[in-house]
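Enquirer: Numbering (the numbering used here), first residue to last: 6 to 265. Just so you know, even glycine gets a beta-carbon here, dropped at the ideal spot from N, CA and C. I have a structure here, written as structure tokens, and I will follow up with some questions on it.
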């Protein structure tokens, strides 16, 4: 890797840490905000999502420095800058390819394509959503509730976890469909639990009232109109994260959610 860029959370501490990183890295790499090989996110998981979407169209590696409140994507703490620079200088790391979701929002005469690292969400809190859920064009259920979430293994520890979804080991090509406040009584029934699917499957959502709902793509939100259907599958494209052998998945979970 020869060029790097920084994406920085907008607070004083993150800017101070980014300045220290740049001072040390400039001795061995060129700073190039437009065409980097390495993108360093300084902040928390929200900053990493910003980084990924900013450089989604480019072939880059991502590395996180934790200064925020949650750092599941971030491998280094703010007091480990020298260690970070030495690791990059000596190629002392490995790459983890994380799967993305490909989301196609189909209209009568066009389709919009989005990619998500964590999840896509259909949500509208003021009106019950009625959504036909298909798996590979076969009807699974007619869902009634606030909305639906489809997450990647990376996103399984984010919004998906807060609505009762399972945590899935990273690097596995799986997606998880989880309900948001589904209605369950003797008139209406849905699965009522998360459904985990592999890369051979496609989820299709057809809404009975999609005119006022919001489509969430990671940290982004879009109001969608005149939608025929939404198709979700595991994308062929992946995102490479720089990670270190001594931090296992169990350690990451403990650090993020249990021990701090």
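Going by the CB atoms, is the gap between residue 203 and residue 225 shorter than 7 angstroms?
Expert: No. Outside cutoff.
Enquirer: Are the CB atoms of residue 5 and residue 145 nearer to each other than 7 angstroms?
Expert: Any property of residue 5 remains undetermined from this structure, which presents the chain solely from 6 to 265.
Enquirer: Touch check for the region 43-63 and the region 76-87: three-plus C-beta pairs under 8 angstroms?
Expert: Output reads yes: the region 76-87 touches the region 43-63.
Enquirer: Can you tell me which residues form a DSSP beta bridge with residue 180?
Expert: Its beta-bridge partners are 202.
Enquirer: Mind pulling the alpha helix (DSSP H) runs of 4 or more residues that sit fully within the region 135-193?
Expert: Within the region 135-193, the complete alpha helix (DSSP H) runs of at least 4 residues are 164-167.
Enquirer: Quick one: is residue 160 buried, meaning 16 or more other Cβ sit within 10 Å of its Cβ, or exposed?
Expert: By the neighbour-count rule (16 or more Cβ atoms within 10 Å), residue 160 is buried.
Enquirer: Pull up the distance between the alpha-carbon of residue 173 and that of residue 182, whole angstroms please.
Expert: Cα-Cα distance, rounded: 12 angstroms.
Enquirer: Residue 56 by DSSP, collapsed to three states: which one?
Expert: Of the three classes helix, strand and coil, the one that applies to residue 56 here is helix, per DSSP.
Enquirer: Does residue 127 pass the burial test, meaning 16 or more other C-beta atoms within 10 Å, or should it be called exposed?
Expert: Buried, by the Cβ-count rule.
Enquirer: Go to residue 10, then tell me how far its beta strand (DSSP E) extends in each direction, as first and last residue.
Expert: It spans 8-13 - the beta strand (DSSP E) in which residue 10 sits, taken as one unbroken run.
Enquirer: Using C-beta distances below 6 angstroms, list every residue in its chain close to residue 220, excluding the 5 sequence neighbours before and after it, in chain order.
Expert: The answer, listed in chain order, is 227, 229.
Enquirer: Only counting the same chain, and skipping five residues up and downstream in sequence, which positions put a Cβ closer than 8 angstroms to that of residue 112?
Expert: Within the same chain, residue 112 has close Cβ partners 231, 232, 233.
Enquirer: Three or more C-beta pairs under 8 angstroms: does that hold for the region 205-215 against the region 133-144?
Expert: Yes, they touch.
Enquirer: Does residue 71 pass the burial test, meaning 16 or more other C-beta atoms within 10 Å, or should it be called exposed?
Expert: Counting Cβ neighbours within 10 Å, residue 71 comes out buried, since at least 16 surround it.
Enquirer: List, from N- to C-terminal side, the alpha helix (DSSP H) runs of 4 residues or more that fit wholly inside the region 233-261.
Expert: The region 233-261 contains these whole alpha helix (DSSP H) runs: 254-258.
Enquirer: Given residue 201, which residues of its chain have a CB within under 6 angstroms of its CB, disregarding the five upstream and five downstream residues?
Expert: Closer than 6 angstroms at the Cβ level, and outside the excluded window around residue 201, lie 179, 181.
Enquirer: Could you check what DSSP says for residue 93 in three-state terms: helix, strand or coil?
Expert: Helix at residue 93.
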